[in-house]
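Engineer: Start counting the sequence shown at 29; every next residue gets the next number (our numbering).
Even glycine gets a Cβ: it sits at the ideal position worked out from N, Cα and C.
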Amino acid sequence: MKLRVTVARLLLLPILALGATAGVLAADSPFAVFKKIVSLPETEREAEVGKLKISSEGHRKLVQAKIREYAAMPEAECDRKLDALDFRWHLMPIMKMAKTDRVKR
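(1) Give a yes or no on contact between the stretch 52–72 and the stretch 98–117, applying the rule of three or more CB pairs nearer than 8 Å.
(2) Quick one: grab the DSSP three-state call for Ile82.
(3) In three-state DSSP terms, what is Thr49?
(4) Under 7 Å Cβ to Cβ from His118, same chain only, skipping five residues before and after it: list those, please.
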């Protein structure tokens, strides 16, 4: 269980760093932004990572490592994982709402 939590944190930290300024119910999640960066040609990725508002050099290196990791995956697997994370990012705030507030959305 501890390994699972550690892996989840290592994956989510760089993603959340991307979306630190995004609203909870924003149209583009940090995972969607990450997916766009991963899909870019390698030469353009560095420029896009440079545009991100990342708090420290350590977080930037972690984001770059995750981008390399996801870029090395088969495209279908990468899309599946990032789409699942994106779905969860949008779903969790809705699940935490009161049932009456969900209907309004």
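Structural biologist: In short:
(1) yes
(2) coil
(3) Reliability fails at Thr49, whose pLDDT of 38 lies under 50, so the model's placement of it is uncertain and the value that follows must be treated cautiously. Three-state DSSP puts Thr49 in coil, outside helix and strand.
(4) The residues Ser57, in chain order, have a CB closer than 7 Å to that of His118 in the same chain once the five nearest residues on each side in sequence are set aside.
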